[in-house]
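Chemist: Have a look at this one before I ask anything.
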Amino acid sequence: MTGCFHCGEPVPTDSHFTLEIKGIVQPMCCPGCQAVAQTILECGLASYYEHRTAPGSKGELVPSELAALTHYDLAEVQQEFVTETGTGSQRMREIQLTVEGLTCAACAWLIERHLSKLSGLHYVNVNTTTHRACIKWDPDRLSLSDILKGFAKIGYRAYPFQTHSQEALYAREVRSYMFRMALAGLGSMQVMMCAVALYMDLFISVEEEFMVYFKWISLLLSTPIMIYSAQPFYLGAWRSLKQGHLSMDVSVSLALIGAFVASLWATVFNTGEVYYDSITMFVFFLLLGRLLELRARRKASESSSNLARLVPVMATRIDDDGEREVAAKTLRIGDRVRVLAGATLPADGLILQGQASLNEAMLTGEQLPLLKQAGDPVYAGTINTDAPLEIRVSHPIEESRLAQIMRLQDSALDDKPAIAQLADVLSRHFILVLLVIAALVWTFWHFHAPERAFWVTLAVLVATCPCALSLATPTALTSATAHLTRSGILLRRGHVLDILTKANRVVMDKTGTLTTGNISLVQTRTLAELDEAQCLAIAQALEAYSEHPIARAFRNQPVVYGVLPAASDVTPVIGHGIEGKIAGKPYRLGSASWLGLADDQDAAQGLAIYLADEHGPLARFVLADTLRPDARALIQAFQAAGLQTTILTGDGSAQSDRLARELGVDELVKGVTPDGKLAYLKAREAAGDISIMVGDGINDAPVLAGAHASFAMAGGTDLAKNSADAILLADDLSRLLAARTLALRTRKIIKENFAWSIGYNLLVLPLAASGWLPPYLAAAGMSLSSLIVVTNSMRLNR
5 MTGCFHCGEP
15 VPTDSHFTLE
25 IKGIVQPMCC
35 PGCQAVAQTI
45 LECGLASYYE
55 HRTAPGSKGE
65 LVPSELAALT
75 HYDLAEVQQE
85 FVTETGTGSQ
95 RMREIQLTVE
105 GLTCAACAWL
115 IERHLSKLSG
125 LHYVNVNTTT
135 HRACIKWDPD
145 RLSLSDILKG
155 FAKIGYRAYP
165 FQTHSQEALY
175 AREVRSYMFR
185 MALAGLGSMQ
195 VMMCAVALYM
205 DLFISVEEEF
215 MVYFKWISLL
225 LSTPIMIYSA
235 QPFYLGAWRS
245 LKQGHLSMDV
255 SVSLALIGAF
265 VASLWATVFN
275 TGEVYYDSIT
285 MFVFFLLLGR
295 LLELRARRKA
305 SESSSNLARL
315 VPVMATRIDD
325 DGEREVAAKT
335 LRIGDRVRVL
345 AGATLPADGL
355 ILQGQASLNE
365 AMLTGEQLPL
375 LKQAGDPVYA
385 GTINTDAPLE
395 IRVSHPIEES
405 RLAQIMRLQD
415 SALDDKPAIA
425 QLADVLSRHF
435 ILVLLVIAAL
445 VWTFWHFHAP
455 ERAFWVTLAV
465 LVATCPCALS
475 LATPTALTSA
485 TAHLTRSGIL
495 LRRGHVLDIL
505 TKANRVVMDK
515 TGTLTTGNIS
525 LVQTRTLAEL
535 DEAQCLAIAQ
545 ALEAYSEHPI
555 ARAFRNQPVV
565 YGVLPAASDV
575 TPVIGHGIEG
585 KIAGKPYRLG
595 SASWLGLADD
605 QDAAQGLAIY
615 LADEHGPLAR
625 FVLADTLRPD
635 ARALIQAFQA
645 AGLQTTILTG
655 DGSAQSDRLA
665 RELGVDELVK
675 GVTPDGKLAY
685 LKAREAAGDI
695 SIMVGDGIND
705 APVLAGAHAS
715 FAMAGGTDLA
725 KNSADAILLA
735 DDLSRLLAAR
745 TLALRTRKII
755 KENFAWSIGY
765 NLLVLPLAAS
775 GWLPPYLAAA
785 GMSLSSLIVV
795 TNSMRLNR
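Put into structure tokens, the structure is as follows:
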């Protein structure tokens, strides 16, 4: 019997279940396996069948209307787009979803409020600019399919974000708007011709039956526009009303339906005026505004999609039997890969053979290629400019630095700063205020000029739609975030831009931040019976377990005896040093103060650390570090911008004093533990300071997490980068100034957007309420207002 292509089980002879995969019709044992395989194909994961190492799990027969969503719970489907963090009770999964049907900030708020009721959902954030949702949930209490069903229950479709599917969605949305807009545009021109006949004196002598004829023609031309072209506004309004909330689509739909019903009444009963021309032009201008906003949002959010395209689809893997082309996503740790000159690296790894210049602009923003040779780390997406390389893969593509950057960038876009939350609240409440004002306007005109009451109210509803207000902040923040990513600054949390404009103090670590962190061992002096080689071997064995920059100075030294002695129970003591056992004997390596010793070093010599056992000191090592070339200019630039500067370091030696004098900082705080650093920052906060912290080491993690805003150096430890709010990808401190300048520009543009949005509404409201603004001009003004806000925000992308 033939085996099922999906699960491998025998296929019954009378089975008729099949599925075409990669052009070949494959047999399936049951409708469950067929549905699972179909879902995998629809997710764009057909390569799963090429590279799987075992058959898939057997599909269960479920109701057809639930199958498509339930299959998203399968591990083989989730492996491409779900990340998992934590263990045990702290286990959590995270996913980026593409959401169809979003039209405004109220939609995002509606989804967030609805999904937050699901038990086991820890976090939900919907970004109206990128049309994506970030979801974090407990897999033991909630399934992904239940989350997707939650979207469907309120009329939205959500599915895992993938670059190719996002491109397809964008193309579908643009095509849909183009069709709807084309119908509205052509129809409005024809209706306008009839309106000329109805409202101008040209046909004043024509008999009444011809006037009725023109009204019916206008009705026939307007009806398809109301049914098809205006459909997105009705759906948005219906979703909001079902949940008992208001969105801008509610006011738009009320205006459209009210105007059309009144004109229909006037046509059928041949009494009163008709305004089909205003209705059709209103729909056309609304759709034009939506299309322009869609394209602007696409431009603002395309940076993460561009990053995804940087990784090549195929890679040349070197096996025992030669070289062969494989899918880049199938590379695993330890695989050897050949990268030719001019090619893009398919994975993170270490160079085994060769020497070449690599362009890492996509990671650091630095356009000049960097020379890389055997032993150097290299990253997926970087370009090999001049010579072949052989690399050993160190991380699969889903854990590469590029993948981390994409996840962190999406996280930053999902994180709503206070000003964005304020804009969301204002736009939601504005709808209610608008409806109240419209009701008051109708009441006034009903008693003063009843024949104009409806149309004046319609103009009020149309002109004051808060589209521009809801777009004012998210478009600016998205554009600024994309700009920073291209410049080598990766935001992890959205509040950084806001803090950069308010900060009055910059606090910096010393080693690895103001200095290069390339510490070298310049002197070894023995203090007991062990000789220099023995002391160095013990220090190297202990520091092999540390990521601190000081540890690199020992690891870069030649191994004295060819192999390091075995160390056990090694424990880094943050801010002090490291301790452990060798051959059962305890040793400590660290600062003189931690070991209870008097430090007799010369400040000009460098940093001294000591090796000691339970009896006393064994050796004194002198280490030297070099100042970053841009450090002095950066300190001066910060001070010129009115920012106070502080060096906050655990190094209590005279080296810190010398560095502080050389740089001219305002304050030096030295010899402090990680807790002491955090305490200093809290004290400055209590004094009214708003501080930016810059660091790179394990000992900086607490203070990076506790600062108002924090930056980690790209070459720093993983713990520091995970604790920081942003990462300097190029290890270039001058990028901080660029980030602050952009933050100030972003704040200025957001204020301009708010001023325009509110000012426009304050201007047109009295014009519309007084009857001076006809509905079609109100529609044009509303669309133009939204376009101005989006275009103004896009200036941040330059």
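Residue numbers (our numbering): 5 to 802. Where is the CB? At the ideal position from N, CA and C, for every residue including glycine.
(1) So, with DSSP's three-state summary, where would you put residue 544?
(2) Going by the DSSP bridge assignment, what does residue 803 pair with across the sheet?
(3) Does chain C have any CB closer than 8 Å to the CB of residue 717?
(4) How is residue 731 classed by DSSP in three states: helix, strand or coil?
(5) If you drop the 5 nearest sequence neighbours on each side, which residues of the same chain put their C-beta closer than 7 Å to that of residue 332?
(6) Can you have a look at residue 183 and say buried or exposed, based on whether 16 or more other CB atoms are within 10 angstroms of its CB?
(7) Within 10 angstroms of its Cβ, does residue 766 collect 16 or more other Cβ (buried), or is it exposed?
(8) Since residue 785 and residue 467 should fall inside the 8 Å C-beta cutoff, what is the C-beta to C-beta distance between them, to a whole number of angstroms?
(9) Roughly how far, in whole angstroms, is the beta-carbon of residue 695 from the beta-carbon of residue 511, given that I think they are within contact range, below 8 Å?
(10) Cα separation between residue 188 and residue 230?
(11) Roughly how many angstroms lie between the CA atoms of residue 283 and residue 241, to the nearest whole one?
(12) Kindly indicate which three-state DSSP category residue 676 falls into: helix, strand or coil?
(13) In terms of alpha-carbon separation, which member of 524, 742, 104, 624 lies closest to residue 641?
(14) Considering only C-alpha positions, which residue in the set 221, 622, 291, 260 is nearest to residue 271?
(15) So residue 700 and residue 517 are in contact, right, with Cβ under 8 Å, and what is the actual spacing, rounded?
(16) Evaluate residue 552 with the Cβ neighbour count: other Cβ atoms within 10 Å of its Cβ, from every protein chain shown; 16 or more gives buried, anything less gives exposed.
(17) For residue 115, does the three-state DSSP call read helix, strand or coil?
(18) With respect to the alpha helix (DSSP H) encompassing residue 245, which residues constitute its N-terminal and C-terminal limits?
(19) Can you check DSSP and say which residues form a bridge with residue 584?
(20) Have a look at residue 563 and residue 557 and give me their C-alpha separation to the nearest angstrom.
(21) Hey, how far is the Cα of residue 341 from the Cα of residue 385?
(22) Go ahead and label residue 139 buried or exposed: buried means 16 or more other beta carbons lie within 10 angstroms of its beta carbon, across all protein chains shown.
(23) Enumerate in chain order the residues of its own chain whose CB-to-CB distance from residue 295 is below 8 Å, with the five nearest sequence positions on each side excluded.
(24) Do residue 545 and residue 565 have their CB atoms nearer than 8 Å?
(25) Just mark residue 597 as buried or exposed, buried being the case when its beta carbon has 16 or more other beta carbons within 10 Å.
(26) When the Cα of residue 90 is compared with those of 144, 619, 733, 129, which residue comes out closest?
(27) Residue 227 to residue 191, Cα distance in whole Å?
(28) Tell me the DSSP bridge mates of residue 717?
(29) Tell me the residue span of the alpha helix (DSSP H) that contains residue 738.
(30) Could you give the distance in angstroms between the alpha-carbon of residue 801 and the alpha-carbon of residue 633?
(31) What is the rounded straight-line gap between the Cα of residue 680 and the Cα of residue 502?
(32) According to DSSP, which residues form a beta bridge with residue 138?
(33) For residue 122 versus residue 99, is the C-beta distance shorter than 8 Å?
(34) When DSSP labels each residue in this structure, what does residue 346 get in the three-state scheme?
(35) Three or more beta-carbon pairs under 8 Å between the region 521-532 and the region 615-635, yes or no?
(36) Could you have a look at residue 445 and say whether DSSP puts it in helix, strand or coil?
Modeler: Walking through what the data contain:
(1) helix
(2) A question about residue 803 goes unanswered here, because the residues of the chain that appear run from 5 up to 802.
(3) In the structure shown, chain C does not exist; there is a single protein chain.
(4) strand
(5) 315, 316, 317, 318, 319, 350, 351, 401
(6) exposed
(7) exposed
(8) 6 Å
(9) 5 Å
(10) 9 Å
(11) 17 Å
(12) coil
(13) 742
(14) 221
(15) 5 Å
(16) buried
(17) helix
(18) 235-246
(19) 591
(20) 12 Å
(21) 14 Å
(22) buried
(23) 178, 181, 182, 185
(24) no
(25) exposed
(26) 144
(27) 10 Å
(28) 732
(29) 738-773
(30) 29 Å
(31) 27 Å
(32) 100, 129
(33) no
(34) coil
(35) yes
(36) helix
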